[in-house]
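Once you know that position 57 of the sequence shown is 61 in our numbering, the rest is easy, because the numbers rise by one and skip nothing. Note that the Cβ used here is the ideal one computed from N, Cα and C, for glycine as well. Here the structure comes first, spelled out in structure tokens, and everything after it is commentary.
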Amino acid sequence: MNSRNRFFFGRDYMEFFYSNKNFQEAIRVFIFNSSNRVKDVKEGILVAGGQGKGNDLTQLSFPHGIVVDQMGAVYVADGGNQQLMRWSHGTRQGHTIVGSNGRSEQSNKFNWSFGLPFDRYGNVYVVDLYNHRVQKLRIDIDS
Numbered sequence: 005m006n007s008r009n010r011f012f013f014g015r016d017y018m019e020f021f022y023s024n025k026n027f028q029e030a031i032r033v034f035i036f037n038s039s040n041r042v043k044d045v046k047e048g049i050l051v052a053g054g055q056g057k058g059n060d061l062t063q064l065s066f067p068h069g070i071v072v073d074q075m076g077a078v079y080v081a082d083g084g085n086q087q088l089m090r091w092s093h094g095t096r097q098g099h100t101i102v103g104s105n106g107r108s109e110q111s112n113k114f115n116w117s118f119g120l121p122f123d124r125y126g127n128v129y130v131v132d133l134y135n136h137r138v139q140k141l142r143i144d145i146d147s
């Protein structure tokens with residue numbers, strides 16, 4: 005796959021479609037209409053990041069995973085910043101769930117976070133690529 009055409013996708017319980025194209029530092033939602041066609045396919049609606057590459061709470065750096073919980077919060081594996089971020093529904097800035105700007109082998113840090121499946125018990129699994137491990141984290145979606 006050509007690096008200019010890489011996409012990372014997520015989908016929420018209402019079947020809205022979330023995308024990060026070409027490692028852009030923004031997550032956008034694309035909403036389907038009654039004909040199963042995407043509305044506003046060119047731009048989508050910005051839901052996370054979008055303020056350029058960086059480590060501020062309004063920015064992302066090489067996001068590599070998207071998942072959305074039933075409350076509409078968007079979780080992003082922020083690979084370049086070595087952290088898992090959460091944007092609550094309707095907010096303009098995220099907050100760090102775990103990790104920090106800096107690589108480490110410690111259990112509360114990552115060395116290139118990647119991918120984000122949730123299980124039915126509220127655990128999220130983060131691939132910690134260069135530490136060669138998968139970390140299981142319990143996420144409190146009510147906080």
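Given Y17, which residues of its chain have a CB within under 7 Å of its CB, disregarding the five upstream and five downstream residues?
The residue you call residue 17 lines up with position 13 of the sequence shown. Low confidence applies to Y17: its pLDDT is 49, below 50, so where it sits in the model is not reliable enough to give any reading.
Compare the C-alpha of R32 against each of F118, V102, H136 and G94 and name the closest.
Along the sequence shown, one-based indexing puts residue 32 at 28. That would be G94, whose Cα lies nearest to the Cα of R32.
Going by DSSP in three states, L133 sits in which element: helix, strand or coil?
For the purposes of this step, residue 133 is identified with residue 129 of the sequence shown, where counting begins at 1. The answer is helix: DSSP assigns L133 an H, G or I state.
Could you check what DSSP says for L141 in three-state terms: helix, strand or coil?
Here residue 141 refers to the residue found at position 137 of the sequence shown. L141: strand per DSSP, three-state reduction.
To the nearest angstrom, report how far apart V71 and P121 are at their CA atoms.
By 1-based counting over the sequence shown, the position of residue 71 is 67. By 1-based counting over the sequence shown, the position of residue 121 is 117. Answer to the nearest angstrom: the Cα atoms are 7 Å apart.
Using only the alpha-carbon positions, how far apart do R124 and I143 sit?
Here residue 124 is taken as the residue at index 120 of the sequence shown, counted from 1. Here residue 143 is taken as the residue at index 139 of the sequence shown, counted from 1. Computed Cα separation, rounded: 11 Å.
For K57, I'd like the list of residues in its chain whose CB is within less than 6 Å of its CB, leaving aside the five on either flank, ordered along the chain.
Walking along the sequence shown from the start, residue 57 turns up at place 53. Excluding residues within five positions, the ones whose Cβ falls inside 6 Å are E29 and S65.
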